[in-house]
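Below you'll find the structure, written out as structure tokens, and then a few comments.
This is the structure:
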């Protein structure tokens, strides 16, 4: 029996890249994340939407390790990583971008990506060089490679944030609003880049407020409210449920 | 824009040649000046490594200066150990002390780290001034150091000054240097790209402690007399701060320019000893107003060049 049970769990782990079980984090009396559970399969793009303060970014903090949960567990490729440090999680393959890009301002674009490859990707600076050039080229940042990050435009900073994350060689990317505040054309560009990254086999969890982008780009959509999952499933179905319409459009939304 | 390398290389060779042959042609006065410059340069490069490249604003370099000075004093006076061996042991003592204090100190950040390092040094000052073994506050006269000639001291100092500058330059070109700069710019973001922040900072801290300890050994062999409240006094770090900030923090050339200015000002103001600190302060304020990033930093920003560039392409 025991053997059979283990085989079963192993199989779940084969398909599940990341799962959270009952994650809870309180700030004083507020439960920012409240008994939150979800999982994402290998190669899947999971979108997370939800009103401001729903706990989306805080949930990312718990998954990437920059905050520790009061309760609950995080499993990555079947391994319990709840108590691992952020740098360890990064080296295991979890990449994360920030809602407001946080490049290393006094380093060049190239150095930003290089430092990620050297640490998160555990590569030597010399042999990462060509790969980083290719990476920056894909992001249209190659011409800016020797420019200090502090001199970049918002779109370029957003692109660098994703490129730097990719340079760590992740198998799972947590994208926190990569297209927010970006104009239409650049929005499409970033969406294409993310799709391209997924096609290369990277699993993606994607927080965004722009619903049209979400419904088109993701395989599955999860709506968060008050620190937990409100509803989840295929995007079209989720977007047509009453709770979501009410949460986004107000009680009149059905009409 | 990168400056053409050639004139720079020729200039550097001439300068190094002049420095290396100085005992043959220069007067005692100029050699002393150059020695002092080299020793301050070495200390300043290490403070710059911490503050300018690792984001650790230390106000406690005097911990390592005091330990680096007392170790050769005790070892040579009490145990008859050769002076240079004592200096090396001083570096190691500073390194071990840095290792022991790193865990509690690294729990503090920014201003708290600064105050923490300062208080650590104050504790050492009090401890040493109450310790009979090191003759309390009376201090130790390092009698064996009388036998050192100025030429010997000069070459030791020269190696230290050039060595520490080269060391910082080399560190910045390694993966460690790159990583330290990322930690300086954003610790949390560095963690999310896989940087082991504690370990990187520790390496920087240990290197700075070791070299500062070595340099302090030379300083006290030269001064021949060591006393706790001077050796563990914050004046040391204040001077380093002055040098690095007016020269340009986070640049390799900054401490060089800053140390030259400090040495010149010290000579100029030496006639007005009681107000010399005041005058130095006025100079610092003036420089900060005109060039907020220090002389080298502001020039680099204006003209976009770096002579000793650690940038990767």
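Protein chains in written order, with my numbering: chain V, 1 to 255; chain X, 1 to 313.
Don't be surprised by glycine CBs; every beta carbon is placed ideally from N, CA and C.
This one's a predicted model, so the numbers in the text were calculated from it and none came from an experiment.
Q: Could you tell me which residues DSSP puts in a beta bridge with residue 221 of chain V?
A: V:47, V:233
Q: Assign residue 161 of chain V to one of two classes, buried (16 or more other C-beta atoms within 10 Å of its C-beta) or exposed (fewer than that).
A: buried
Q. How should residue 82 of chain X be labelled, buried or exposed, when 16 other C-beta atoms within 10 angstroms of its C-beta is the threshold for buried?
A. exposed
Q) residue 5 of chain V CB to nearest chain X CB: under 8 Å? A) Low local confidence applies: a pLDDT of 42 at residue 5 of chain V is under 50, so the model's placement there is unreliable, with the coordinate-based value given in what follows. So, not an interface residue.
**Q.** Distance, residue 174 of chain X Cα to residue 269 of chain V Cα
**A.** This structure leaves residue 269 of chain V out entirely; chain V is present only between 1 and 255.
Q: Return the CA-CA distance between residue 105 of chain V and residue 181 of chain X, expressed in angstroms with no decimal places.
A: 10 Å
Q. Going by Cα to Cα distance, which pick from V:120, V:36, V:47, V:109 is closest to residue 178 of chain V?
A. V:47
Q) Taking the alpha-carbon positions, what's the residue 236 of chain X to residue 40 of chain X distance? A) 10 Å
Q) Which one of X:210, X:159, X:65, X:176 has the shortest CA to CA distance from residue 240 of chain X? A) X:65
Q: Determine the burial state of residue 45 of chain V: buried for a count of at least 16 other Cβ atoms within 10 Å of its Cβ, exposed for fewer.
A: buried
Q. Which residue spans inside the segment 162-238 of chain X form an unbroken alpha helix (DSSP H) run of at least 4?
A. 175-185, 187-192, 197-223, 228-231
Q | Any C-beta of chain X under 8 Å from that of residue 141 of chain V | A | no
(Q) Please report the straight-line C-alpha distance between residue 227 of chain X and residue 92 of chain X, rounded to a whole angstrom. (A) 20 Å
Q: Compute the beta-carbon to beta-carbon distance between residue 164 of chain V and residue 113 of chain V, rounded to the nearest angstrom, for a pair I have assumed lies under 8 Å.
A: 5 Å
Q: Could you tell me whether the Cβ of residue 91 of chain V comes closer than 8 Å to any Cβ of chain X?
A: yes
Q | Residues that DSSP places opposite residue 73 of chain V in a beta bridge | A | V:21
Q) Which residues bound the beta strand (DSSP E) around residue 36 of chain V? A) 30-41
Q: Please name the residue in X:266, X:286, X:287 whose C-alpha comes closest to that of residue 277 of chain X.
A: X:266
Q: Measure the beta-carbon distance from residue 54 of chain X to residue 204 of chain X and round it to whole angstroms, keeping in mind my assumption that it falls under 8 Å.
A: 4 Å
Q: Can you check the segment 63-136 of chain V for any alpha helix (DSSP H) of at least 4 residues that lies completely inside it and give the ranges in chain order?
A: 86-92, 109-119
Q: Please list the partners that residue 146 of chain V has in chain X, where partner means a Cβ-to-Cβ separation under 8 Å.
A: 311, 313
Q: Would you list the residues sitting across from residue 84 of chain X in a DSSP beta bridge?
A: Residue 84 of chain X is not bridged to any residue.
(Q) By the 8 Å beta-carbon criterion, what residues does the segment 25-56 of chain V contribute toward chain X? (A) none
Q) Quick one: what's residue 205 of chain V bridged to in DSSP? A) V:46, V:174
Q. With residue 73 of chain X and residue 210 of chain X assumed to form a contact (beta carbons below 8 Å), what rounded beta-carbon distance in angstroms separates them?
A. No, residue 73 of chain X and residue 210 of chain X are not in contact; Cβ-Cβ is about 18 Å, not under 8 Å.
Q) With burial defined as no fewer than 16 other Cβ atoms inside 10 Å of the residue's Cβ, what is the status of residue 8 of chain X: buried or exposed? A) exposed
Q. Which residue from V:42, V:120, V:37 puts its Cα closest to that of residue 15 of chain V?
A. V:42
Q. List, in order along the chain, the chain V residues whose C-beta lies closer than 9 Å to that of residue 291 of chain X?
A. Chain V residues near residue 291 of chain X: none, gap ~17 Å exceeds 9 Å.
Q) From which residue to which residue does the alpha helix (DSSP H) around residue 262 of chain X run? A) 253-269
Q. Quick one: does residue 111 of chain V have its CB under 8 Å from some CB of chain X?
A. yes
Q: Return yes when the Cβ of residue 232 of chain X is within less than 8 Å of the Cβ of residue 124 of chain X, no when it is not.
A: yes
Q: Drop a sphere of 10 angstroms on the beta-carbon of residue 146 of chain X, count the other beta-carbons inside from all chains shown, and report buried for 16 or more, exposed for fewer.
A: exposed
Q. In this structure, what does DSSP give as the bridge partners for residue 26 of chain V?
A. V:31
Q: Run down chain V in chain order and give the residues with a C-beta less than 8 Å from the C-beta of residue 194 of chain X.
A: 87, 90, 91, 116, 119, 120, 121, 122, 168
Q. Going along the chain, which unbroken runs of the alpha helix (DSSP H) with 4 or more residues stay wholly within the segment 267-307 of chain X?
A. 276-290, 294-303
Q.
So, with DSSP's three-state summary, where would you put residue 312 of chain X?
A. coil
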